[in-house]
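Take 3 as the starting number for the sequence shown in the working numbering and just add one per residue. C-beta: ideal position from N, C-alpha, C; glycine also. Report on the following structure.
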Amino acid sequence: MFFGEWKRVVSSEFHRYDRTKFVKDLMAGAATAAVALPLALAFGVASGADAAAGLVTAIIAGILIGGFGGTHYQISGPTGAMSAVLIVLVTRYGIEAVWLSGILAGILIFCAGAFRLGRIVALIPSPVITGFTSGIAVIIALGQIDNLMGSQRPPAASVLLQLKNYFDTGVEYQASAVAVGLGVISLMVLWPRLPRVKVIPGSLVAIILSTLCVSLFHLDIPAIGSIPRTVFLEKRFSFDMITQETLGNLMIPAVSIALLGSIESLLSAAVGGSMTGVRPVNNLELMAQGIGNICIPFFGGVPATAAIARTSVAIRSGAVTRLTSILHGLLLLLTALVFAPFLENVPLSALAGVLVVTAYRMNEWHAIRFLFARKLRHGIVIFFVTLFATVLLDLTQAILLGVVLSSMIFMVQVSELQISRSLVDWKRLDTDPALKTQKNVAVYYLGGPLFFAAVWRLIEALEGNDAPSDTVIFSMRGVPIIDATGIETLRKLFYRQQSGGGRLILTGLDPRVESQMKQSGLFDEFGADNIFWSADRAIVHLGAQLKDAEIEPAERLFGGDSEMLEVESLISSPHRERADRGTEEL
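Next up, the structure:
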């Protein structure tokens with residue numbers, strides 16, 4: 003299934019591929035590699051591993067995931083969001099836990115694609131994604147304080163412990179390291195404002211200049227260290243690391259990594275699709291992400307996912323096919339082999355500066371401004387709850403909390419079942435005088451889903467206004483869906499009226515609601531005499547019964563051509579505008 007779908011996508015992608023398109027892919031790959039190099043080094047350090055692990059991850063992900071992915075423009079590698087999750091894992095269990103969690107997460111991601119769960123990202127509300135992205139940005143920025151200051155303090159297990167350590171012992175710093183870090187931040191902020199040179203990534207320029215300054219002035223500040231000239235790092239995953247206890251401890255972190263990897267990859271694919279007009283094959287993309295993350299730990303890398311920033315660079319640089327990602331990986335490999343001695347001297351404070359700016363830019367500022375500008379209170383609440391949960395708890399809990407909160411708010415909103423009660427005014431009917439003395443018949447016009455969170459309003463309205471001996475009509479043309487609780491509630495109300503000598507009639511059933519009622523057997527319990535196509539037909543039927551006239555069979559009342567009285571003559575005037583719609587006879 004995987005290779006068959008992949009072959010179909012690739013065949014279409016490389017149709018009429020020529021030298022001109024290859025040159026475009028090569029140039030786009032070079033531009034993407036220039037952006038990816040400093041980020042790979044920085045995210046390797048930020049994840050709790052080292053710069054070499056980040057570089058190897060970018061190389062393998064670019065070649066493997068890019069080659070098998072469901073899009074021709076997606077660029078994968080280490081990301082800031084993933085590093086925020088991994089640093090906690092490294093602090094608690096060590097780097098070995100990252101490798102095993104990455105493999106487990108890769109299996110989960112591959113299975114998600116194989117079972118065609120590629121649309122899962124659509125189930126997560128936008129404020130939740132915006133909130134956890136901002137939360138991850140906070141974690142990244144706070145996690146780089148020590149590197150920015152030139153401190154060698156061991157990483158804390160959580161943001162709260164890190165802040166507590168700062169309050170207890172203060173912040174150690176080296177003035178030269180701080181100066182280098184601030185210089186990198188300043189250069190990256192100002193660089194895009196220089197039109198003639200902004201085509202060169204500011205982060206790459208900042209890394210090169212800061213490294214040259216450190217060497218020129220012989221500054222004694224922490225640097226990256228050894229960069230092996232190989233993709234097989236000395237420290238990498240081996241099967242003897244697997245134990246039953248380790249597997250038990252790492253299942254939840256693996257789910258977090260899989261969830262984050264899937265969300266980021268699908269979001270990046272969606273962004274790339276909107277930029278290129280080419281629809282991504284989400285399930286194939288997930289399977290490719292799974293394959294990549296299963297393989298990367300055997301090289302010593304960390305879990306990878308698609309990166310929106312690098313994907314955007316590739317597209318804007320003219321990427322034509324997936325060769326852009328593969329070439330970007332090969333160019334990174336060439337850089338590691340040739341320029342390893344230079345990369346070893348890159349100061350950690352410079353990488354910290356890159357990450358601080360990256361953390362700021364990764365916030366979805368357009369979405370945040372939209373929430374506040376439109377005063378979307380529920381969205382703002384969900385945004386902040388998810389943000390703080392991401393910082394204080396973990397990613398999985400934050401997303402689950404955000405989704406649950408969004409669902410609860412949605413249920414509260416849709417549970418506001420609209421109910422309008424009107425009395426049939428028999429005196430307005432041009433019929434037998436005997437009808438003018440008959441008791442009232444109440445018509446309830448319902449609007450909204452009739453489900454477990456809304457049924458109490460209907461029960462409260464009926465029991466508060468009508469006795470079991472009364473005749474009641476529920477006009478349900480405005481009820482699009484009904485659940486098991488709604489069906490059970492209708493059943494109870496039907497027998498409530500029947501036990502007191504009254505009657506409950508349903509009209510205007512939506513086809514979906516009618517189908518569910520038939521499946522549950524409730525349709526048969528009501529009987530044809532208590533279910534009508536519209537409220538006016540039910541009223542005419544009741545009037546005929548009250549006059550002891552010949553009663554037209556109920557089956558004909560669903561679609562017969564009998565002459566209908568106008569609803570405005572049947573319903574008291576304050577509620578005429580709420581009469582049933584959708585029938586030309588009215």
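- If you ignore the 5 residues before and after N285, its C-beta comes within less than 6 Å of the C-beta of G115, R118, G120, all in its own chain and listed in chain order.
- The Cβ atoms of F528 and E516 lie no closer than 8 Å to each other.
- A straight-line Cα-Cα distance of about 20 Å links T135 and V47.
- The DSSP assignment places no complete run of the beta strand (DSSP E) inside the region 311-344 (cut-off: 3 residues).
- In this model, I483 and R10 are separated by some 40 Å (Cα to Cα).
- Secondary structure note for Y362: it is in no beta strand (DSSP E), and the uninterrupted alpha helix (DSSP H) holding it is 350-364.
- A Cβ-Cβ distance of about 28 Å is found for the pair T313 and S351, leaving them out of contact under the 8 Å criterion.
- Nearest to I507 by alpha-carbon distance, out of G523, W535, I131, is W535.
- In the three-state reduction of the DSSP assignment, Q291 falls in the helix class.
- Segment contact: the region 401-409 against the region 152-162, fewer than three CB-CB distances shorter than 8 Å; contact not assigned.
- Within the region 140-205, the alpha helix (DSSP H) runs of at least 4 residues that lie entirely inside it are, in chain order, 147-151, 161-171, 177-192.
- Under a 10 Å Cβ-count criterion, N295 is classified as buried, with 16 or more other Cβ atoms of the shown protein chains found around its own Cβ.
- In the three-state reduction of the DSSP assignment, I541 falls in the helix class.
- When secondary structure is reduced to three states using DSSP, V481 falls in the coil class, being assigned neither helix nor strand.
- The residue from S319, S264, N251 with its alpha-carbon nearest to that of T278 is S319.
- For the 8 Å CB-CB criterion, L335 and I61 form a contact.
- Contact between the region 216-233 and the region 369-385 is absent, with fewer than three C-beta pairs closer than 8 Å.
- Secondary structure of F454 (DSSP, three-state): coil.
- The C-alpha of A86 is placed about 10 Å away from the C-alpha of G137.
- Within the same chain, Y95, A99 come within 8 Å of N251 by CB-CB distance, once the 5 residues on both sides are set aside.
- The three-state secondary structure of T509, taken from DSSP, is strand.
- When secondary structure is reduced to three states using DSSP, Y75 falls in the coil class, being assigned neither helix nor strand.
- Taking 4 residues as the shortest admissible run, the region 7-90 contains the following complete alpha helix (DSSP H) segments, listed from N- to C-terminal end: 21-48, 53-62.
- Residue environment for V25: exposed (fewer than 16 other C-beta atoms within 10 angstroms of its C-beta).
- Boundaries cannot be given for L378, as no beta strand (DSSP E) includes it and DSSP labels it neither H nor E.
- Taking the Cα positions, V283 is about 44 Å away from W458.
- Pairing A308 with G480, the inter-Cα distance amounts to about 44 Å.
- Taken through DSSP and simplified to helix, strand or coil, T307 comes out as strand.
- Using a Cβ-Cβ distance cut-off of 8 Å, the region 184-197 and the region 350-365 are in contact, since at least three pairs of beta carbons, one from each stretch, lie closer than that value.
- The alpha carbon of S258 has as its nearest neighbour, out of I202, Q399, F453, the alpha carbon of Q399.
- Around A53, the same chain offers L43, G46, V47, I226 as residues with beta carbons nearer than 6 Å, after the five sequence neighbours per side are excluded.
- With contacts defined as CB atoms closer than 8 Å, L268 and I65 fail to qualify as a contacting pair.
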